[in-house]
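In what follows, a structure is listed as structure tokens, so that the remarks can point back to it.
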Amino acid sequence: MAYEHEIDMDGCKGCGLCVTACPKDVLEISDEVNVKGYFPAFQARPEDCIFCAICCTMCPDVAITIREIEAEAAAQNLTEGENE
Ligand code: SF4
Ligand code: SF4
1290 MAYEHEIDMD
1300 GCKGCGLCVT
1310 ACPKDVLEIS
1320 DEVNVKGYFP
1330 AFQARPEDCI
1340 FCAICCTMCP
1350 DVAITIREIE
1360 AEAAAQNLTE
1370 GENE
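Each residue of the sequence shown is one higher than the one before, starting from 1290 at the first, in the working numbering.
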């Protein structure tokens, strides 16, 4: 099963709760403001994400989503396999 982690940058208020809660130190606060004038969280090290969903649970604004992408990932893996 593959997953995709997405942060709604414009829905984020930059409180930093997810950054502190992440056990893998994946997230950081951006130095660029969003449409609301906040500095939003972003995945600085997405390759370290284990999709534990702690950040989703912590976010008071429900700005983080983790989705299953099994079909797309399987198709991508198949394509990559063909190119090897
Ligand atoms: S899903 Fe877990 S590992 Fe990934 S960014 Fe969120 S808290 Fe960190
Ligand atoms: S917990 Fe939510 S609102 Fe706070 S920085 Fe993280 S994504 Fe943004």
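Just so it is clear, CB atoms sit at the ideal spot from N, CA and C, and this is done for glycine as well.
Just so we're clear, the structure is a prediction, and the values are computed from it rather than from any experiment.
Annotated three-state conformation of A1330 is strand, per DSSP. In this chain, the alpha helix (DSSP H) harbouring I1343 covers 1343-1347. A distance below 8 Å separates the beta carbons of A1310 and C1344.
The C-beta distance from F1331 to I1355 rounds to 15 Å, too long to meet the 8 Å contact threshold. Those residues placing their Cβ nearer than 6 Å to any heavy atom of ligand 2 are, following chain order, I1296, C1301, K1302, G1303, C1304, G1305, L1306, C1307, P1329, A1330, M1347, C1348, D1350, A1352, I1353.
In terms of side-chain proximity, the C-beta atom of K1325 is found no nearer than 7 Å to any non-hydrogen atom of ligand 1. The beta carbon of A1333 sits no closer than 7 Å to any heavy atom of ligand 1.
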